[in-house]
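These notes are about the structure you will find just below.
Protein chains: 2
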Amino acid sequence: MAANKSPARPATETASQPIGVFDSGIGGLTVVKALRDLLPNEKIVYLGDTARVPYGSKSASTVERYSVEMAKMLIEQDAKIIVVACNSASSVALPKLEKTLPVTVMGVIRPGAQAAITATRNGHVGVIGTRATIRSGAYEKALRALDDDVRVTSRACPLLVPLIEEGWLDDELTDHVIARYLEPLMREGIDTLVLGCTHYPLLLPAIERALGSGVKLVDSAQNCAVAVQEFLDRQQVRAPAGAVGSLEVALTDSPDNFLRVAKEALQLDVGEIRVREVLYGAAL
Amino acid sequence: MAANKSPARPATETASQPIGVFDSGIGGLTVVKALRDLLPNEKIVYLGDTARVPYGSKSASTVERYSVEMAKMLIEQDAKIIVVACNSASSVALPKLEKTLPVTVMGVIRPGAQAAITATRNGHVGVIGTRATIRSGAYEKALRALDDDVRVTSRACPLLVPLIEEGWLDDELTDHVIARYLEPLMREGIDTLVLGCTHYPLLLPAIERALGSGVKLVDSAQNCAVAVQEFLDRQQVRAPAGAVGSLEVALTDSPDNFLRVAKEALQLDVGEIRVREVLYGAAL
């Protein structure tokens with residue numbers, strides 16, 4: 112399990128620091144949405160690496176390097192915890208981030224795996240995600256660490272993110288692509304499916320249509336937000352009940368069409384967007 | 112028109128230098144294939160920016176910055192001409208590259224536009240490409256510069272690259288996506304369609320199926336190779352007939368599944384792949 116680093120400052124001071132969230136792009140806003148609903152008093156600073164999106168098709172060492180750069184930019188904004196709202200980055204960069212950063216790092220893999228183990232009845236879990244996430248085997252490892260006997264069937268679904276970014280959320284063509292990706296998993300007999308990419312909750316109705324009622328869905332964004340809440344409570348560094356929560360969104364490239372799609376689908380008020388240049392190899 | 116810069120060295124010496132080709136990823140290999148067929152005696156060095164692919168969804172200023180970094184790495188390899196085998200980069204970065212680089216820069220837009228003007232009978236040309244290419248209006252500008260009266264109908268097709276990278280080249284689902292993108296253009300009455308993305312030639316049979324026989328296709332990769340040949344002949348810096356041509360491929364991230372798809376579809380022998388780190392802001 113990720114080592115929880117106790118903040119050096121007094122808990123009351125740390126409590127008012129922001130939660131830092133990063134993602135390869137816009138998809139991580141599904142985690143932000145879950146955090147805002149669950150922790151309305153927290154300040155959240157979000158950083159999306161839209162200048163280099165997607166991470167899911169890139170090598171582990173490149174994703175690791177990008178993730179450290181993003182996290183360091185959030186640490187400079189005084190983040191009390193770093194949430195890796197990206198399955199690709201969580202899959203391959205978590206050990207490096209935990210070694211490098213002075214605060215606790217929360218990924219989306221472990222909370223998702225935990226929820227899947229709780230949900231499955233027949234012990235057969237399906238996982239869908241980007242190429243990087245599936246190739247890493249991170250969900251299999253996390254699931255097996257919790258239950259030796261679990262059976263895992265995984266599938267990379269590289270077309271789902273572009274379909275979501277095109278805004279074809281409720282669309283016959285998207286339904287066909289989802290059916291092609293999911294049919295082999297259903298034939299194998301999964302009873303639980305982990306949405307192992309923070310974009311995928313935007314396709315929830317379409318995925319539910321494809322699966323029918325026999326398969327339970329595990330949303331890694333939602334479970335990650337719950338894990339963050341538990342951590343803040345355990346460390347007693349949650350923002351006080353009277354505090355005014357806020358959301359600040361920064362991207363490494365100017366926003367495009369997909370930000371509009373995401374804001375509408377999530378009903379999320381993101382205010383003004385800052386564009387920040389990546390600090391290459393910045394010292395912490 | 113791009114200013115042709117005469118090489119400083121004697122033409123015989125320049126002739127033996129390589130042609131430098133860069134792209135946001137692997138798609139530019141369609142240009143390399145056309146160059147190899149047309150100019151078999153040339154040495155070609157190819158650089159694909161797979162660490163930051165795709166360029167097509169990113170802002171003009173980010174694509175400009177990445178393009179200059181890629182071109183500088185090719186200049187360091189002594190390239191006698193820089194071929195921008197990427198429509199997104201050609202659309203937005205050509206002026207900056209021409210200002211910055213000491214050699215001639217050849218993009219894919221102008222050769223494609225020239226071929227479309229030659230091909231059209233009814234004066235109505237369609238253009239498909241990435242979001243960055245279509246948003247830039249570069250094809251419209253190039254087409255209008257050649258013929259004031261041309262009518263242009265453009266459409267961004269952001270799903271085609273992911274479909275190609277998934278390897279679904281001859282596939283009913285891909286046919287449906289293509290039909291959705293192309294039907295409005297056909298209804299408007301185009302008689303010529305520019306494939307404004309170097310990936311798209313890999314979908315040539317599928318696009319021909321969707322269009323039927325009434326619409327002529329213009330492949331920007333092929334026309335770019337012809338323009339390179341004409342330039343080398345004009346400057347008398349073509350490799351001598353007896354020279355042994357070669358191809359050296361380098362990528363900024365380790366290759367994935369799509370390199371295999373492209374090599375097979377193009378029947379291209381790329382040998383061993385080098386992985387090179389990007390030189391951020393490198394001085395020329």
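Sequence order for the protein chains is A and B. Going by our numbering, the first sequence opens with residue 112, and the numbers climb by one from there. Going by our numbering, the second sequence opens with residue 112, and the numbers climb by one from there. All C-beta atoms, glycine included, are put in the ideal place defined by N, C-alpha and C.
*What residues from chain A crowd round residue 287 of chain B, counting only those whose CB sits closer than 7 Å?*
Per Cβ cutoff of 7 Å: 284.
*Which runs of the beta strand (DSSP E), 3 residues or longer, sit entirely within the stretch 153 to 218 of chain B?*
Counting only runs of 3 or more, we get 154 to 159, 192 to 195, 215 to 217.
_Under 7 Å from the C-beta of residue 162 of chain A: neighbouring residues of chain B_ = The answer, in chain order, is 169, 173.
_Cβ pair count under 8 Å reaching 3, the stretch 267 to 284 of chain B against the stretch 249 to 257 of chain B_ = Judged by Cβ distances under 8 Å, the stretch 267 to 284 of chain B makes no contact with the stretch 249 to 257 of chain B, as fewer than three pairs qualify.
_Residues near residue 112 of chain A by beta carbon distance below 8 Å, same chain, minus five either side_ = At residue 112 of chain A the pLDDT is 43, less than 50, meaning the model places this residue with poor confidence and gives no usable figure here.
*For residue 229 of chain B, the three-state DSSP class (helix, strand or coil)*: Note: residue 229 of chain B maps to helix in three-state DSSP.
*Closer than 7 Å by beta-carbon distance: list the chain B residues that pair up with residue 365 of chain A, in chain order.*
Near residue 365 of chain A (Cβ distances below 7 Å), the residues of chain B are 170.
*Is the CB-CB distance between residue 305 of chain B and residue 389 of chain B below 8 Å?*
Contact: no.
*Would you say residue 71 of chain B reaches chain A, if we count a Cβ-Cβ gap shorter than 8 Å as a contact?*
No statement about residue 71 of chain B is possible, as the shown extent of chain B runs from 112 to 395 and does not include it.
_Using a Cβ-Cβ distance cut-off of 8 Å, determine whether residue 121 of chain B contacts chain A._
Chain A contact via Cβ: absent.
*Compare the C-beta of residue 295 of chain A against all C-beta atoms of chain B and say whether one is closer than 8 Å.*
So no, residue 295 of chain A is outside the interface.
*Quick one: what's residue 303 of chain B bridged to in DSSP?*
Answer is B:236, B:327, bridged to residue 303 of chain B.
_Alpha-carbon to alpha-carbon, residue 174 of chain B and residue 168 of chain B_ = Take the alpha-carbon of residue 168 of chain B and the one of residue 174 of chain B: they are about 9 Å apart.
*Can residue 193 of chain A and residue 208 of chain A be called in contact, C-beta distance under 8 Å?*
Yes. Within cutoff.
*residue 357 of chain A lies in the alpha helix (DSSP H); which residues open and close that run?*
No alpha helix (DSSP H) contains residue 357 of chain A, which is instead part of the beta strand (DSSP E) from 357 to 362.
*Quick one: which unbroken beta strand (DSSP E) runs of 3-plus residues sit fully inside the stretch 265 to 310 of chain A? Chain order, please.*
Secondary structure in the stretch 265 to 310 of chain A: the beta strand (DSSP E) runs of 3 residues or longer, each lying completely within the stretch, are 303 to 307 in chain order.
*Counting only the same chain and skipping the five closest in sequence on each side, list residues whose C-beta sits under 7 Å from that of residue 377 of chain B.*
Closer than 7 Å at the Cβ level, and outside the excluded window around residue 377 of chain B, lie 140, 141, 144.
_So for residue 136 of chain A, helix, strand or coil by DSSP?_
The three-state reading of DSSP puts residue 136 of chain A in coil, since its state is none of H, G, I, E or B.
*What residues of chain B sit near residue 274 of chain A, judged by a beta carbon separation below 9 Å?*
Correct list: 270, 273.
_Cutting at 7 Å between CB atoms, please list the residues of its own chain near residue 365 of chain A, excluding the five before and the five after it._
The residues are 386.
*By how many angstroms is the C-alpha of residue 224 of chain B removed from the C-alpha of residue 180 of chain B?*
Residue 180 of chain B and residue 224 of chain B have their C-alpha atoms some 26 Å from each other.
_Output needed for residue 162 of chain A: all residues of its chain with C-beta closer than 7 Å, excluding positions within five of it in sequence on either side, in chain order._
Result list for residue 162 of chain A: 363, 364, 389, in chain order.
*Hey, out of A:289, A:130, A:300, A:266, whose CA is closest to residue 315 of chain A's CA?*
If we check each option's Cα against that of residue 315 of chain A, A:289 comes out closest.
_C-beta contact flag for residue 158 of chain A and residue 185 of chain A at 8 Å_ = The criterion of a C-beta distance shorter than 8 Å is satisfied by residue 158 of chain A and residue 185 of chain A.
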